[in-house]
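2 protein chains.
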Amino acid sequence: MTPPSTRSERARAAVREAAWDLLLDRGLRAVTIEAIAERSGVAKTTIYRHWPTKNAIVLDALRERFEPTVAFGDTGSVLGDLTQQLQAVIGLLATEAGVAYLSLVVESWYDPDLATGLVERYLDRRRTAAIEVVERGVERGELSAGTDAGVLVDALYGALYYRLLVSRQPLPDTYASLLVAQVLDHDRSGSRD
Amino acid sequence: MTPPSTRSERARAAVREAAWDLLLDRGLRAVTIEAIAERSGVAKTTIYRHWPTKNAIVLDALRERFEPTVAFGDTGSVLGDLTQQLQAVIGLLATEAGVAYLSLVVESWYDPDLATGLVERYLDRRRTAAIEVVERGVERGELSAGTDAGVLVDALYGALYYRLLVSRQPLPDTYASLLVAQVLDHDRSGSRD
DNA sequence: CTCTAACGCTACGCTACGTAGCGTTGTTCC
DNA sequence: GGAACAACGCTACGTAGCGTAGCGTTAGAG
Numbered sequence: 001m002t003p004p005s006t007r008s009e010r011a012r013a014a015v016r017e018a019a020w021d022l023l024l025d026r027g028l029r030a031v032t033i034e035a036i037a038e039r040s041g042v043a044k045t046t047i048y049r050h051w052p053t054k055n056a057i058v059l060d061a062l063r064e065r066f067e068p069t070v071a072f073g074d075t076g077s078v079l080g081d082l083t084q085q086l087q088a089v090i091g092l093l094a095t096e097a098g099v100a101y102l103s104l105v106v107e108s109w110y111d112p113d114l115a116t117g118l119v120e121r122y123l124d125r126r127r128t129a130a131i132e133v134v135e136r137g138v139e140r141g142e143l144s145a146g147t148d149a150g151v152l153v154d155a156l157y158g159a160l161y162y163r164l165l166v167s168r169q170p171l172p173d174t175y176a177s178l179l180v181a182q183v184l185d186h187d188r189s190g191s192r193d
Numbered sequence: 001m002t003p004p005s006t007r008s009e010r011a012r013a014a015v016r017e018a019a020w021d022l023l024l025d026r027g028l029r030a031v032t033i034e035a036i037a038e039r040s041g042v043a044k045t046t047i048y049r050h051w052p053t054k055n056a057i058v059l060d061a062l063r064e065r066f067e068p069t070v071a072f073g074d075t076g077s078v079l080g081d082l083t084q085q086l087q088a089v090i091g092l093l094a095t096e097a098g099v100a101y102l103s104l105v106v107e108s109w110y111d112p113d114l115a116t117g118l119v120e121r122y123l124d125r126r127r128t129a130a131i132e133v134v135e136r137g138v139e140r141g142e143l144s145a146g147t148d149a150g151v152l153v154d155a156l157y158g159a160l161y162y163r164l165l166v167s168r169q170p171l172p173d174t175y176a177s178l179l180v181a182q183v184l185d186h187d188r189s190g191s192r193d
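Protein chains in written order, with the working numbering: chain A, 1 to 193; chain B, 1 to 193.
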């Protein structure tokens with residue numbers, strides 16, 4: 001990263017970094033404008049000149065540091081492709097950045113702008129990519145013609161978010177393949193755990 | 001409801017009611033100990049003598065007023081039973097009490113006690129009941145022997161929570177039957193919308 | 001080297017938290 | 001009926017964080 005040249009950009013970068021560090025160190029609840037100001041060395045008034053809310057800052061920081069997992073390999077089968085993608089998402093959400101992301105998802109319940117930002121940058125992209133995979137499976141004849149890709153994809157990723165955010169159950173290593181097998185495989189011949 | 005006899009119980013009931021009214025009127029963010037004190041006429045100090053946190057109060061109020069939807073009819077088929085139950089949950093979550101419940105689910109991310117309370121009173125009961133239905137379907141031969149009821153049930157309800165809490169997509173009237181058909185029906189012959 | 005946009009600093013009023021101290025009142029029990 | 005006490009109400013406090021106003025200071029473009 002080349003250091004920002006203008007004074008403004010230096011301040012903005014310092015703010016994003018302080019917000020991110022605070023988020024990872026002490027959680028979203030500890031991220032306050034005052035704490036960011038203190039940690040970054042940027043005056044509170046200056047922060048307010050650049051961002052309207054704390055969440056906007058954190059979303060900016062996230063954009064720089066948290067890449068959406070969209071890329072799909074092509075393993076040759078729908079089940080394989082989806083398992084691989086789910087596995088990647090599970091891994092990502094288990095990192096400290098992933099947990100930070102999840103806390104923003106939670107926070108977005110009260111912040112429509114944040115919700116829009118997260119949906120556009122992360123959720124929609126991944127959903128669209130997953131839907132394409134399912135539809136490819138339908139074209140190949142691996143899945144029946146009556147398949148509704150959107151509904152199935154929401155069920156797959158919904159299960160992840162549900163267990164992480166709502167019911168707080170862990171996601172075992174086998175979860176991705178188990179989930180795909182149960183939801184998509186007509187014969188439900190996948191292994192159990 | 002018989003009016004509470006002791007002075008203490010009167011105060012407690014007034015607090016629960018004020019918290020609930022505030023929640024429905026102005027959302028969880030507006031529910032503060034100070035606001036509850038003002039609205040209920042109960043002194044702030046007295047409130048702190050009975051509850052440790054705002055969330056504990058709201059959870060108490062919820063317990064009195066929001067009944068978990070556990071009852072399943074027996075329609076004769078797994079698909080029918082699950083569709084009916086999902087439909088009931090969707091309806092419940094669409095009420096103002098349901099939205100209040102959802103905001104508590106969100107809040108529980110930061111409050112382990114609240115999370116435990118919600119899981120025990122609502123999520124676990126419904127999950128167990130749904131799992132029983134699926135297992136009944138396996139016994140009847142409607143679903144194959146390799147079915148993992150827990151995984152499937154989390155996928156079904158996960159889809160609901162995912163769309164309501166995370167991606168903020170609406171749940172159309174046909175959603176319950178569509179979801180069940182897609183996730184459980186091997187032939188995916190259910191209707192589309 | 002000047003000029004101006006952008007920053008830093010201090011201070012303010014507001015809301016909410018959670019606690020301490022003390023006066024007041026409802027209830028119970030004789 | 002009256003005493004005793006448990007529980008409530010009230011006031012006040014210190015803390016944190018919000019968002020804004022006013023004004024001094026400085027970086028950096030031209």
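The beta-carbon is built from N, C-alpha and C at its ideal position, and this holds for glycine as well.
Since this is a predicted model, take the numbers as computed values, not measurements.
DSSP places Q169 (chain A) in the coil class of the three-state scheme, outside both helix and strand. For E17 (chain B), the enclosing alpha helix (DSSP H) starts and ends at 7-26. The way I'd put it, the segment 33-46 of chain B does touch the segment 6-18 of chain B; three or more beta-carbon pairs between them come closer than 8 Å.
When DSSP states are grouped into helix, strand and coil, V31 (chain A) belongs to the coil group. CA-to-CA, the gap between A35 (chain A) and G158 (chain B) works out to about 35 Å. DSSP places S177 (chain A) in the uninterrupted alpha helix (DSSP H) bounded by 175-184. In this structure the segment 79-89 of chain A lies against the segment 168-179 of chain A, because at least three pairs of beta carbons, one per stretch, are closer than 8 Å. For T45 (chain A), the secondary structure class from DSSP, reduced to helix, strand or coil, is helix.
Distances from the CA of V105 (chain B) to each of A:L28, A:T75, A:L165 were compared; the closest alpha carbon is that of A:L165.
Between the segment 135-145 of chain B and the segment 131-142 of chain A there are fewer than three inter-stretch CB-CB distances shorter than 8 Å, so the stretches are not counted as touching.
Against chain B, the CB of G98 (chain A) has no partner CB under 8 Å away; the residue lies outside that interface.
Scanning its chain for C-beta atoms nearer than 8 Å, with the 5 sequence neighbours on each side dropped, one finds around K54 (chain A) the residues A19, V31, T32, I33, I36, in chain order. Between R16 (chain B) and A61 (chain B), the C-beta spacing is below 8 Å. Neighbourhood of Y101 (chain B) in chain A, by CB distance below 7 Å: empty, with the nearest CB roughly 11 Å away. Here the alpha carbons of L82 (chain B) and R136 (chain B) stand approximately 11 Å from one another. Contact check for L184 (chain B) and L79 (chain B): beta-carbon distance about 6 Å, within the 8 Å limit, so the pair qualifies. Each residue's CA atom was taken as its position, placing S40 (chain B) and G27 (chain A) some 33 Å apart. Closer than 7 Å at the C-beta level to chain B, one finds these residues of the segment 139-154 of chain A: S144, G146, T147, D148, V151, L152, D154.
Neighbours of R26 (chain B) across chain A, judged by C-beta separation under 8 Å, do not exist; the nearest C-beta is about 12 Å away. One Cα belongs to D124 (chain A), the other to L114 (chain A), and the distance between them is close to 14 Å. Identification of chain B residues near L178 (chain A) by a Cβ-Cβ cut-off of 9 Å yields D148, V151, ordered along the chain. For P112 (chain B), the enclosing alpha helix (DSSP H) starts and ends at 112-118. Not a single C-beta of chain A is nearer than 8 Å to the C-beta of V89 (chain B). Under the three-state reduction of DSSP, E67 (chain A) is assigned to coil, being neither helix nor strand. By the Cβ neighbour-count rule, T128 (chain B) is exposed, with fewer than 16 other Cβ atoms within 10 Å of its own.
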